[in-house]
Amino acid sequence: MMSNIAQHATAIYQNLPLPAGSAIGIVALLLLDHVRPVPLPGPRAPRRAAGAAALAAGCALNVWALVERRHRTSGEFQLEQPEALVTTGPYAFSRHPMYAGWWLIHLGVGLVRGSAWVAATLPAAVLVEHFGGSVVEERELRRRFGAEYARYGGRVPRYAGRSRRRVTGAAR
-4 MMSNIAQHAT AIYQNLPLPA GSAIGIVALL LLDHVRPVPL PGPRAPRRAA GAAALAAGCA
56 LNVWALVERR HRTSGEFQLE QPEALVTTGP YAFSRHPMYA GWWLIHLGVG LVRGSAWVAA
116 TLPAAVLVEH FGGSVVEERE LRRRFGAEYA RYGGRVPRYA GRSRRRVTGA AR
């Protein structure tokens, strides 16, 4: 009984979609804000409301992406080793919705805390996750899913923005 619980807990921890850049960035934001506070200008209430909205949106996006991935898994769920290319749900709008979700959470934490340090820690986290995360992941996904991933990457933006629809010869 206990070993099943331990195995389940280990599997959940291994599939926790918390990128290192976001974890380090949010911790750095909180530490810097504690040691040397640099407050954001302006009234507190609207800033906190915007921060709460960003936090909620980031959490919702991460949960939606994780649920969508789990629904597309027939066997044991492994976040780092997808058995199928997921192109539905939030993946229809972003190739990396969980990174985008964590960036919204990071922004939300900074706004709720009222810390100007978010202007330094968030871009640093984005750079770490772009070059150390999504670029590396996409290389593996191209290798694994080939032309299917190339088509997907051609129409869905990496993080956010408008879908890129290719114009066919007949439509020109």
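All residue numbers for the sequence shown refer to our numbering, where the first residue is -4 and numbers rise by one.
For glycine and all other residues, C-beta sits at the position ideal for the given N, C-alpha and C.
Here the structure is a predicted model, which means the values were calculated and not measured.
Residue environment, residue i, which counts as buried when at least 16 other CB atoms sit within 10 Å
| i | result |
| --- | --- |
| residue 92 | buried |
| residue 163 | Summary for residue 163: the model assigns pLDDT 46, below 50, so the residue's position carries little reliability; its value from the coordinates is reported in the next sentence. Residue 163 is exposed by the Cβ-count criterion. |
| residue 116 | buried |
| residue 124 | buried |
| residue 17 | buried |
| residue 122 | exposed |
| residue 207 | The chain is shown from -4 up to 167; residue 207 falls before or after that span and cannot be answered. |
| residue 127 | exposed |
| residue 51 | exposed |
| residue 129 | buried |
| residue 26 | exposed |
Separation of residue j from residue i, as counted between CA atoms
| i | j | result |
| --- | --- | --- |
| residue 149 | residue 143 | 10 Å |
| residue 109 | residue 29 | 12 Å |
| residue 114 | residue -1 | 43 Å |
| residue 106 | residue 62 | 27 Å |
| residue 33 | residue 141 | 47 Å |
| residue 147 | residue 42 | 37 Å |
| residue 36 | residue 46 | 14 Å |
| residue 98 | residue 119 | 11 Å |
| residue 96 | residue 56 | 5 Å |
| residue 232 | residue 79 | It is not possible to answer for residue 232, since the shown part of the chain is limited to -4 through 167. |
| residue 64 | residue 134 | 19 Å |
| residue 154 | residue 86 | 10 Å |
Presumed contact (8 Å Cβ cut-off) between residue i and residue j, rounded CB distance
| i | j | result |
| --- | --- | --- |
| residue 20 | residue 101 | 6 Å |
| residue 89 | residue 14 | Actually they do not touch by this definition, with Cβ atoms about 14 Å apart. |
| residue 49 | residue 103 | 3 Å |
Proximity test, residue i beta-carbon vs the ligand HEM heavy atom, cut-off 7 Å
| i | result |
| --- | --- |
| residue 108 | Among the components modelled here there is no ligand, and therefore nothing to report on the ligand HEM. |
Practice problem: Only counting runs of 4 or more residues, tell me where the alpha helix (DSSP H) segments fall wholly within the region 126 to 153, in order along the chain. | Solution: The alpha helix (DSSP H) runs of length 4 or more contained entirely in the region 126 to 153 are, from start to end of the chain, 130 to 140 and 142 to 150.
Quiz item: What residue ranges within the region 56 to 124 form continuous alpha helix (DSSP H) runs of no fewer than 4 residues, ordered along the chain?
Solution: Secondary structure within the region 56 to 124: the alpha helix (DSSP H) runs of 4 or more consecutive residues, fully enclosed, are 92 to 108 and 113 to 124 (chain order).
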